[in-house]
Structures are given as C-alpha cells and as structure tokens.
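28 is the number of the first residue of the sequence shown in the numbering used here; add one for each residue after it.
A short worksheet on the structure shown next.
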Amino acid sequence: MGLFSRRIDRQISSYQQELVDQDLTTVDTVIKTGNPMADAILNSKISLARSKNIQVVADACIPVKLKSSEIDLCCILGNLFDNAIEASLQLPEERRLIRVYMDMKNTQLYISFTNFTAGKKLSKVGKLFRTTKGEGHGFGLVRIDAIVERLGGYISRNSEDGAFTTEILLPQA
C-alpha cells in the first residue's frame, strides 16, 4: 500500500471517528434510504446543514447491501455534503439550498448533489474545479475521484449559472 493510500485510510478513519464523536442525539431522522449507513451520514449532514440555515431537499432510495463498501459510500456522501455546506455558507440565507438525489439506475447507484455557489462559474484546473479554501483543502474531491475510479464508476462535475452539480454512477452488479 502506498503512502498516499495509507494517508487516505488514516483520514477516512479520522473522519469516521469525528462522526462517532458527534452528539448523535441532535441528529433528526429526516430521510430513510433503505441503507442504514447512508441514512446515518445523510441524516447527520442534513441536520448540520439545517443548523446553518441551509435548506436541503433530499430523495434517496438505495439497497440495504451495496457492492461498494459502506466506508466508500460514506466518504463520498460526507465529502460531497461538506463541500456543498461550505459553498452554501458563502451565500445569503435565502439562496442556500442543497439538492441530493440517489437511486438505482439499472445496475448502478446514481448519486447527484447540487448546490448554489457565490460565483457564476467555477474554473477547472485539469480535471478538478479550483478550490479557494487555501492549502490543506481540496482533498475531498481527490478522495471521491479515487474511490469512483477504483470502483469502475463514472463522475461528472458541472458548474453553470451559479450552481455546482456532481453526478456519480457506481456499478453494483
């Protein structure tokens, strides 16, 4: 296992511990996807977003058992939600909105996240959109890309008209 992989594994473990350490009594159950791990991360992040006056519209229906690991799924969902929350906080409260949609499309898990952004269009550097967060940030997108690639999936990001959308397909057959 390479140095980068070990670092990613440590960061994922640290992230999972942060979730465990949170006061879960403050998490409302607002969505039931059919998958307990997805429910836990989504409900935690929805509660966090709402505590910051960010409206969340979520529709998700996924199988209890997925081919991909639950750690991978939680890493993808957690990073997408964290990025959407951070972008939303740059907006006036009335424009803060995150849309989440997840469903099975034939034999693939489809994940879509959309949030509004402060700028009109984000710029791309290579395959990634440029971060304005400074040094030490921006690894979430790299993690997501690595997971999607390892699982043989597809990822698309689009920034247009003040909205940023990430769409992911993960094979489950």
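By construction, the Cβ of each residue, glycine as well, lies at the ideal position given by its N, Cα and C atoms.
All values reported here derive from a predicted model rather than from experimental measurement.
Alpha carbon to alpha carbon, how far is residue i from residue j?
{"i": "Arg34", "j": "Val127", "result": "28 Å"}
{"i": "Thr52", "j": "Ala76", "result": "Residue confidence for Thr52 is low, a pLDDT of 45 falling below 50, so the modelled location carries little weight; the figure read from the coordinates is stated next. Near 16 Å, if we compare the C-alpha coordinates of Ala76 and Thr52."}
{"i": "Glu176", "j": "Ala67", "result": "24 Å"}
{"i": "Ile81", "j": "Leu116", "result": "8 Å"}
{"i": "Thr192", "j": "Gln199", "result": "22 Å"}
{"i": "Ala111", "j": "Ala87", "result": "17 Å"}
{"i": "Ser78", "j": "Glu120", "result": "12 Å"}
{"i": "Leu93", "j": "Gln135", "result": "10 Å"}
{"i": "Lys59", "j": "Tyr137", "result": "16 Å"}
{"i": "Glu97", "j": "Glu113", "result": "24 Å"}
{"i": "Met129", "j": "Val84", "result": "12 Å"}
{"i": "Ile171", "j": "Asn185", "result": "15 Å"}
{"i": "Asn70", "j": "Phe108", "result": "11 Å"}
Give the DSSP bridge partners of residue i, in chain order.
{"i": "Asn185", "result": "Thr192"}
{"i": "Lys132", "result": "Gln135"}
{"i": "Thr141", "result": "Arg126 and Thr192"}
{"i": "Leu116", "result": "DSSP, once it has assigned bridges, lists no residue as partnering Leu116."}
Report back the beta-carbon spacing between residue i and residue j to the nearest angstrom; my notes put them in contact at under 8 Å.
{"i": "Phe140", "j": "Leu118", "result": "With 8 Å as the limit, Phe140 and Leu118 do not qualify as a contact, their Cβ atoms being about 16 Å apart."}
{"i": "Ser95", "j": "Leu196", "result": "The pair is not a contact, with the Cβ atoms about 11 Å apart (cut-off 8 Å)."}
Q) At a cut of 8 Å, does the segment 57-71 reach the segment 94-107 through at least three beta carbon pairs? A) yes
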